[in-house]
Structures are given as C-alpha cells and as structure tokens.
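K.L.:
Can you read through this structure? Questions will come right after.
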Amino acid sequence: MGRAFVYVILGGGVAAGYAADEFVKRGVLRGQLCIISEEHVAPYERPALSKGYLLPEAPARLPSFHCCVGTSGERLTPEWYKEHGIELILGTRVQSADVKRKTLLTAKGETISYKYLIVATGSRAMKLEEFGLKGSDASNVCYLRDLADAERLVNVLQSCDGRNAIVIGGGYIGMECAAALVINKLNVTMVFPEVRLLSRLFTPKIARYYEDFYQSKGVKFIKGTAAASFDFSSDGQVTAVNLRDGSKVPADMVLVGVGARPNTSLFEGQLTMEKGGIKVDGKMQSNNSSVYAVGDVAALPVKFFGEIRRLEHVDAARKSARHAVAAIMEPRKTGQLDYLPFFYSRVFTLSWQFYGDNAGEAVHFGEFSGTTFGAYWVDNSRLVGSFLEGGSKEEFDAIAQVTRLKPFIKDLGELERQGLEFALSF
Ligand code: FAD
Ligand code: NDP
C-alpha cells in the first residue's frame, strides 16, 4: 500500500512544526503536505521538556507547548493540522528511505512517496553503553530526549524514595536537569569528565559563577572523572555509581546527559554527509535536489563561521526549517540563509543567551558577584561572540546585534571597561 504527497517532512520535532507553519503561510494546499513522526504527539517545543515540564508546581503539559509558542507564534495543535489539510502520521517510524525512487518505507509497511522531502529527524541521546557501561534499561536510569522520556523522568523522580539523584554529564541536559531535580527537592550530585560545567562554551570564570550558584542550591560536583559501572539491587535498580577514580556514589536515581548524535542513518550512502550531518547548501538543499535537511541533522554553511557546521540548538532548527520551505516554495526569491548562531538556557532563576562563536580571547564584563554579567570573544581583532546572563530584552537584542556586525576591537581593556555599554552603543 502507498500514499503520495508533494511535500513530506520526515520527523515531527521542532523543525517539523516550524516548517509546517511556513508551508501554511506560503499557501500549501490541502492534502499536499504530510509529517511522519515516531512520536505520538504533534510537533512541540522540545526545550520545554527540561524546563517547565519538570516543575513540581504547575508543570507545562501539552497542548500548551506545541510549536510555535516558543517564538510567540500560533500554537499548532492537532486540530490546526486538520484545519489546514496537513496529514499527521504519528507513532510511525520510517525504517528506510530511497532517494532515487523518492519513497519512504514505514515500520507499519506503508510506502510514502514525495516530490520534495524535508529531513528533520533530529538527534538521539547517546547511551551509556556507547561508553562501555551497562544499565541504561534499569528502571531508575533516565535519559531526556522526547516526551516519553520526560513522562518517565517525572514518574521516576516522584517515586524516588531515597532522594539521591546522580546526574551524569555536565553539558546542557546535565545542567538543566540538575536544576529541575533540585527544584523537586532531590539531593543532586553531578559527575562529569571535564574540569568545569558546559566547558565547550563557558569560560572558567563563567563556569565558576554557575557552579557556585548550583552549590548554593545544594548541588555537589564530582569533576574530572566518569561513571565506570553501576551497582544494582536484586530487583535491577541502580543503587550506586562506581566512578573511574575508584569512588562510589549512592544513587536512588540516575539522569544521563552525555551527548547527542544526529539521526542520519536512513540516508547514509545516499546523501553527502559532513560533520556527522547531511550536507546542505544555503537553501538547505542536499546533493539530491528533492531532499532538504533542517535542524540537528543539517550540516549547513554558516557564513558567520565561514564553514560548514551542525548546530544542535532550537533557534537553528526553527530558522533552517522556515528557510527550507521558503526555498522549496519560492526558489527564485529565496537566497542563502545568513544565520547568526544563537544558544540559550534557563536554570533556576538564571537565564543566559549566547550569540556567535566562542573563538579567540574572552573579555569578561559586569558583576560576577551580582546578577548581570557576560563576556565577549575577540578573534583576530573582531568581536565574534557575546554571552550575557541576566540581561533585559533590550540588552540581549544589543549583544545579538553587535555580534552580527563583528566590529573591529582595538583595545581589549577598553572593551572590558565599556562592557555591556559597548553593545548598547551600536
Ligand atoms: P527534534 O526536535 O529532535 O525532532 C526530531 C523528530 O524526528 C522527533 O519527533 C523524532 O521522533 C523524529 N524521528 C527521528 N527519526 C525518525 C524516523 N526514522 N521516523 C520517524 N520519525 C523520526 N536548544 C536550545 O537552543 N535551547 C534549549 O533550551 C534547548 N533545550 C532542550 C531541551 C531538551 C530536553 C532537548 C532534548 C533539547 C533541547 N534543545 C535546546 C535542543 C533543541 O531542542 C534541538 O536542537 C531541536 O529540537 C532540534 O530540532 P529537530 O526538529 O531537528 O529535531
Ligand atoms: P552535551 O554534548 O551538551 O553534553 C554532554 C556532556 O556529557 C559533556 O559535558 C560530555 O563531556 C559529558 N560526558 C561525555 N561522556 C561522559 C561520561 N561517560 N560520563 C560523564 N559525562 C560524560 O549533550 P547533552 O546530553 O547535555 O545534550 C544533548 C542535546 O540536547 C545536545 O544537542 C544539546 O545541544 C541539546 N540541549 C540543548 C539545550 C540548550 O541549548 N539549552 C538544553 C538541553 C539539551 P565531553 O564534552 O568531555 O564529551
């Protein structure tokens, strides 16, 4: 059996939701578009899973965070898709793709053909087994990638008797989930191999601020080592984490955030890959002219960096998705995406934004003993990156704007002295 659509979006995450919105804005006709997703719900704002979803009081629940509420856009509920004649094929995994024949085969045995395909399959959470550990399937070990994981995490944390939670990983998931677990009154220990939190982005000075803040909330850190094995109870629950340094940490639950891998396997050997993703041009088009890739799986030319990069962040998913749709529906009017990399996070009462690239020398500014501080990165005498914690909308907009302009910086001392005023003066 089979069905045919003009446009197929493979994957039902953030990029899919924003692409659907853009298709409707550009006049897609009823019956032309379908979204195939392994998840059982319509596209939603994934960042909510590690923030509002985990709150003990008034937690965020669907339908409140369907796309595109994250950018104050219309909330695309399942009814919205129906109203616009968009077929949502949910709970359906695509198990193979044939880009020559322009077909997808679902695990339910249906063949779906397309004229244009947008690949938006996102990433999967890396499992501890990939690092040589066993125990991911224990009932008190959690990951967080999709709604099902978030539901499970809430159940585990609510029924966690001893209240000792070990967070493995000091990246985004580790930081955001550790904060959520503390808010849920668990005793949290974070274990990670690096010397500081979010070491790929944070400077030592920035990391120290967040580490002090976390410690003031009761979080303990075990840095510079990694989990080596688990101890299990007779009913298969993890009871302790054994670390590579030989120590043992008792655990009533474990949350793992040790990185993500893009879901590209359906297209390996069929599309050109780069940096672990599907290589696309500035219109999000792959080497096969009918196939576009967006979001976490896309390796796109980022003009700002002057090279191809993959970006595993929500703003890139939203913007690359909209751009792909524009390029498909109005190819002549659509140029190359000129994307300014943007990441953000919110934990406890804190909130930061980062724009650009953290290359070169970091120049810190503001009150690290207070609530508003930040850093600029200067590379080859150009300001190329900006970080700000605790800014107002106007201040965040200002650092975005100044970073996009990459101004010439003559004197790092003067930049440090001016601090946020430098961005606000542009
Ligand atoms: P996803 O949103 O991951 O969607 C991929 C979809 O494809 C899923 O529905 C999946 O089930 C489906 N799929 C995959 N393979 C198949 C298949 N074979 N068949 C059918 N369906 C398939 N970024 C930020 O910038 N700020 C944040 O605060 C932030 N918070 C985050 C919090 C969490 C918990 C997570 C996991 C990520 C967060 N991110 C954040 C990252 C951001 O959410 C991702 O970069 C973004 O979701 C990528 O969008 P995407 O559409 O490419 O992939
Ligand atoms: P990250 O890559 O951010 O962090 C993984 C962390 O785990 C790194 O600090 C890594 O160290 C560490 N690690 C690796 N192996 C081990 C190990 N064996 N034991 C302990 N720690 C280990 O991935 P996350 O899992 O945090 O996030 C998954 C995805 O979700 C990413 O795409 C991320 O961008 C996205 N996300 C983004 C958010 C945001 O932008 N606010 C929020 C939540 C998720 P090392 O660097 O040395 O490998």
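Numbering (my numbering) for the sequence shown: 869 to 1294. All residues carry an ideal CB built from backbone N, CA and C; glycine is no exception. Remember, predicted model here, so these are calculated numbers, not experimental data.
1. Please report the distance separating the alpha-carbon of D1279 from that of V1231.
2. Is DSSP giving K950 helix, strand or coil here?
3. Look up I1111 in the DSSP assignment and say whether it is helix, strand or coil.
4. Do N1055 and R1076 count as a contact pair if the criterion is CB distance below 8 Å?
5. I need the DSSP call for S964, collapsed to helix, strand or coil.
6. Taking the alpha carbon of T1093 as the point to measure from, which residue in L1256, L1208 and L1111 has its own alpha carbon closest?
7. Which residue marks the beginning of the beta strand (DSSP E) containing E1044, and which one marks its end?
8. From G1234 to L1065, what does the alpha carbon distance come to, in whole angstroms?
9. According to DSSP, is D1103 part of a helix, a strand, or is it coil?
10. Relative to the alpha-carbon of E907, which residue among G1125, R1013 and T1271 has its alpha-carbon at the smallest distance?
11. Please work out which residues of its chain come closer than 6 Å, Cβ to Cβ, to R1272, disregarding the five sequence neighbours upstream and downstream, and give them in chain order.
12. Hey, out of A965, G1137, L996 and R898, whose CA is closest to A1128's CA?
13. In terms of DSSP beta bridges, what is F1222 paired with?
14. Just to confirm, does S873 get its C-beta within under 7 Å of one of the non-hydrogen atoms of the ligand FAD?
15. Taking 7 Å as the cut-off, is the CB of A965 close to at least one heavy atom of the ligand NDP?
16. Relative to the C-alpha of S991, which candidate in G880, Q1204 and D966 has its C-alpha closest?
17. Output the distance between the C-alpha atoms of T1057 and S981, rounded to the nearest integer angstrom.
18. Can you list, in chain order, the residues of its chain whose CB lies under 6 Å from that of E871, leaving out five sequence neighbours each side?
19. Where do the ends of the beta strand (DSSP E) carrying V1159 lie?
20. Determine the closest residue to F1290 out of L1251, D1113, G1258 and L878, with distance taken between C-alpha atoms.
21. Considering only DSSP beta bridges, list what R1078 is partnered with.
22. With 16 as the cutoff for other CB atoms within 10 Å, does G1174 come out buried or exposed?
23. To the nearest whole angstrom, what separates the beta carbons of D1029 and D1120, a pair I think is in contact under 8 Å?
24. Under 8 Å by Cβ, that's how I've got V1297 and G1037 pegged, so tell me the actual separation to the nearest angstrom.
25. Under 7 Å from any heavy atom of the ligand FAD, does the C-beta of F1264 make it?
26. Throw me the rounded Cβ distance for the V1124 and V1117 pair, which I believe falls under 8 Å.
27. Going straight from the alpha carbon of A1195 to that of M1152, what length do you get?
28. Please give me, in chain order, every unbroken run of the alpha helix (DSSP H) with length at least 4 that falls completely inside the region 1001-1032.
29. Taking the straight line between their C-alpha atoms, what separation do you get for G1150 and K1187?
30. For S1260, which of helix, strand or coil comes out of DSSP?
31. For Q1083, is the classification buried or exposed, using 16 other Cβ atoms within 10 angstroms of its Cβ as the cut-off for buried?
32. Is E978 near the ligand FAD, with its Cβ less than 7 Å from a heavy atom?
33. So the candidates are A1243, M1043, W1220 and S1219; which of them puts its Cα closest to the Cα of L1227?
34. Can you check whether the CB of E913 is closer than 8 Å to the CB of F933?
35. C936 and L944: beta carbons closer than 8 Å?
36. Helix, strand or coil for I1196? Go by DSSP, reduced to three states.
P.N.:
The short version:
1. Here the question's residue 1279 lines up with position 411 in the sequence shown. Here the question's residue 1231 lines up with position 363 in the sequence shown. So the alpha carbons of these two residues sit roughly 11 Å apart.
2. Taking the sequence shown and counting its residues from 1, the one referred to as residue 950 is at position 82. K950 sits in a helix when the DSSP states are folded into three classes.
3. By 1-based counting over the sequence shown, the position of residue 1111 is 243. It should be noted that the sequence gives Leu, not Ile, for residue 1111. Strand at L1111.
4. Here residue 1076 refers to the residue found at position 208 of the sequence shown. Here residue 1055 refers to the residue found at position 187 of the sequence shown. Taking 8 Å as the Cβ cut-off, R1076 and N1055 do not qualify as a contacting pair.
5. By 1-based counting over the sequence shown, the position of residue 964 is 96. Three-state DSSP puts S964 in a strand.
6. One-based indexing of the sequence shown puts residue 1093 at position 225. Residue L1111 is the option with its Cα nearest to T1093.
7. Within the sequence shown, numbered from 1, the residue matching residue 1044 stands at position 176. Per DSSP, E1044 belongs to no beta strand (DSSP E); it is in the alpha helix (DSSP H), Y1040 to I1051.
8. Mapped onto the sequence shown, residue 1234 falls at position 366. Mapped onto the sequence shown, residue 1065 falls at position 197. Approximately 20 Å, taken between the alpha carbons.
9. In the sequence shown, residue 1103 corresponds to position 235, counting from 1. In the structure shown, D1103 sits in coil (DSSP, three-state: anything other than H, G, I, E or B).
10. Your numbering for residue 907 matches position 39 in the sequence shown. Comparing Cα-Cα distances from E907 to each of G1125, R1013 and T1271, the minimum goes to R1013.
11. Taking the first residue of the sequence shown as 1, we reach residue 1272 at position 404. Result list for R1272: L1208, in chain order.
12. Here residue 1128 refers to the residue found at position 260 when the sequence shown is read from its first residue. The residue with the shortest Cα to Cα distance from A1128 is L996.
13. Residue mapping note: residue 1222 aligns to position 354 of the sequence shown, counting from 1. Answer is F1211 and F1255, bridged to F1222.
14. Reading the sequence shown from its first residue, position 5 is the one you call residue 873. Note on residue identity: the sequence assigns Phe, not Ser, to residue 873. No, the Cβ of F873 stays beyond 7 Å of every heavy atom of the ligand FAD.
15. What you label residue 965 is simply residue 97 of the sequence shown in a count that begins at 1. No, since every heavy atom of the ligand NDP falls outside the 7 Å radius drawn around the Cβ of A965.
16. Along the sequence shown, read from residue 1 onward, the residue named residue 991 stands at position 123. The candidate whose alpha carbon is nearest that of S991 is G880.
17. The count along the sequence shown starts at 1 and reaches residue 1057 at position 189. The count along the sequence shown starts at 1 and reaches residue 981 at position 113. Between the alpha carbons of T1057 and S981 lies a gap of roughly 49 Å.
18. The residue you call residue 871 lines up with position 3 of the sequence shown. Correcting the residue type first, residue 871 is Arg in the shown sequence and not Glu. Excluding positions up to five away in sequence, the list reads I980.
19. As a working note, residue 1159 is residue 291 in the sequence shown. For V1159, the enclosing beta strand (DSSP E) starts and ends at V1159 to A1161.
20. As a working mapping, residue 1290 is identified with position 422 in the sequence shown. Of L1251, D1113, G1258 and L878, the residue nearest in Cα terms is L1251.
21. Residue mapping note: residue 1078 aligns to position 210 of the sequence shown, counting from 1. For the record, residue 1078 in the displayed sequence is Tyr; it is not Arg. In the DSSP output, where bridge partners are listed per residue, Y1078 has none listed.
22. Translated into positions along the sequence shown, residue 1174 becomes position 306. Around the beta carbon of G1174, a 10 Å sphere encloses fewer than 16 other beta carbons of the protein chains shown; the residue is thus reported as exposed.
23. Numbered from its first residue, the sequence shown carries residue 1029 at position 161. Numbered from its first residue, the sequence shown carries residue 1120 at position 252. Contact between D1029 and D1120 holds, since their C-beta atoms are separated by about 6 Å, short of 8 Å.
24. Because the chain is modelled from 869 through 1294, residue 1297 falls outside the range shown and cannot be assessed.
25. Residue mapping note: residue 1264 aligns to position 396 of the sequence shown, counting from 1. F1264: no, Cβ never under 7 Å from the ligand FAD.
26. One-based indexing of the sequence shown puts residue 1124 at position 256. One-based indexing of the sequence shown puts residue 1117 at position 249. Not confirmed; about 14 Å, so no contact.
27. Counting from one through the sequence shown, the residue named residue 1195 turns up at place 327. Counting from one through the sequence shown, the residue named residue 1152 turns up at place 284. Inter-residue distance for A1195 and M1152 is about 8 Å (C-alpha atoms, whole angstroms).
28. Correct list: 1015-1026.
29. Start at 1 with the first residue of the sequence shown, and residue 1150 comes out as number 282. Start at 1 with the first residue of the sequence shown, and residue 1187 comes out as number 319. When rounded, the distance between both Cα atoms is 12 Å.
30. By 1-based counting over the sequence shown, the position of residue 1260 is 392. DSSP, reduced to helix, strand and coil, places S1260 outside both helices and strands of the structure shown, so it counts as coil.
31. The count along the sequence shown starts at 1 and reaches residue 1083 at position 215. It counts as exposed.
32. Numbered from 1 along the sequence shown, position 110 holds the residue referred to as residue 978. E978 has its Cβ no nearer than 7 Å to any heavy atom of the ligand FAD.
33. As a first step, residue 1227 must be located in the sequence shown, where it is residue number 359. The sequence given here places Ala at residue 1227; Leu does not occur at that position. Between A1227 and the set A1243, M1043, W1220 and S1219, the nearest pair of CA atoms involves A1243.
34. The residue you call residue 933 lines up with position 65 of the sequence shown. The residue you call residue 913 lines up with position 45 of the sequence shown. Yes, these two residues count as a Cβ contact at 8 Å.
35. Here the question's residue 936 lines up with position 68 in the sequence shown. Here the question's residue 944 lines up with position 76 in the sequence shown. A contact, by the Cβ cut-off of 8 Å.
36. In the sequence shown, counting from the first residue as 1, residue 1196 sits at position 328. Here I1196 sits in helix by DSSP.
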